[in-house]
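A.B. asks:
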Amino acid sequence: MMPVHHHRRGRHRGVVTDVYHHIVCRHQVEIEVWPARAEVHFGDDWTANVATTQVRFEAQVYNSTQGYVWDVRDINGGPGQGTIDASGLYRAPPKGALASGTTELVVASSREDPLRKAFAWVTLVGLGPRL
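Under the working numbering, think of the first position of the sequence shown as 16, with each following residue one higher.
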């Protein structure tokens, strides 16, 4: 909250006839992301097609004009296996040693206040490549 400014005028016999207060409040930066959950097939799943190995996320930042950045993290906070581009397109990783049902987090962080984040859950499913 910014300082309060007082403006007084119109004194008449010691009585204030006009009082103006100027208060500036700065709203907290908020961010949301959707969809909140998605299920995608591993990038190399033999039963999948391109449409089922990716999903587009969208985000909205409120009370800021500086936008947001994307990131993919594992559920323990480490780097995720999938990728996300600046437009919000998440692409699933190849299965490798990952178990079907592995969960990753898509994170949208405010550029103005990086501590303001929104999260979406991505569940990776599938069998991987046909051997």
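Don't be surprised by glycine CBs; every beta carbon is placed ideally from N, CA and C.
Does the contact criterion of 3 or more C-beta pairs under 8 Å hold for the region 60 to 72 versus the region 97 to 108?
C.D. replies: Touching, per the Cβ criterion.
A.B. asks: When the Cα atoms are used, what is the spatial distance from G116 to D128?
C.D. replies: Residue mapping note: residue 116 aligns to position 101 of the sequence shown, counting from 1. Residue mapping note: residue 128 aligns to position 113 of the sequence shown, counting from 1. Taking the straight line from one Cα to the other gives about 32 Å.
A.B. asks: What is the rounded straight-line gap between the Cα of H56 and the Cα of I38?
C.D. replies: In the sequence shown, counting from the first residue as 1, residue 56 sits at position 41. In the sequence shown, counting from the first residue as 1, residue 38 sits at position 23. So the alpha carbons of these two residues sit roughly 52 Å apart.
A.B. asks: Would the region 122 to 139 and the region 46 to 54 be scored as touching if the rule is three or more Cβ pairs under 8 Å?
C.D. replies: Short answer: they touch.
A.B. asks: Please say whether S124 and T84 have beta carbons closer to each other than 7 Å?
C.D. replies: One-based indexing of the sequence shown puts residue 84 at position 69. One-based indexing of the sequence shown puts residue 124 at position 109. In the sequence as displayed, the identity of residue 84 is Val instead of Thr. Result yes, Cβ atoms of V84 and S124 sit closer than 7 Å.
A.B. asks: Under three-state DSSP, which class holds V65?
C.D. replies: Locating residue 65 in the sequence shown gives position 50, where the first residue counts as 1. The answer is helix: DSSP assigns V65 an H, G or I state.
A.B. asks: Let me know the secondary structure DSSP gives V44 once reduced to three states.
C.D. replies: Translated into positions along the sequence shown, residue 44 becomes position 29. Three-state result, V44: coil.
A.B. asks: Please name the residue, chosen from K132, T67, P94, that lies closest to Q43 on a Cα-to-Cα basis.
C.D. replies: As a first step, residue 43 must be located in the sequence shown, where it is residue number 28. The option with the nearest alpha carbon to Q43 is K132.
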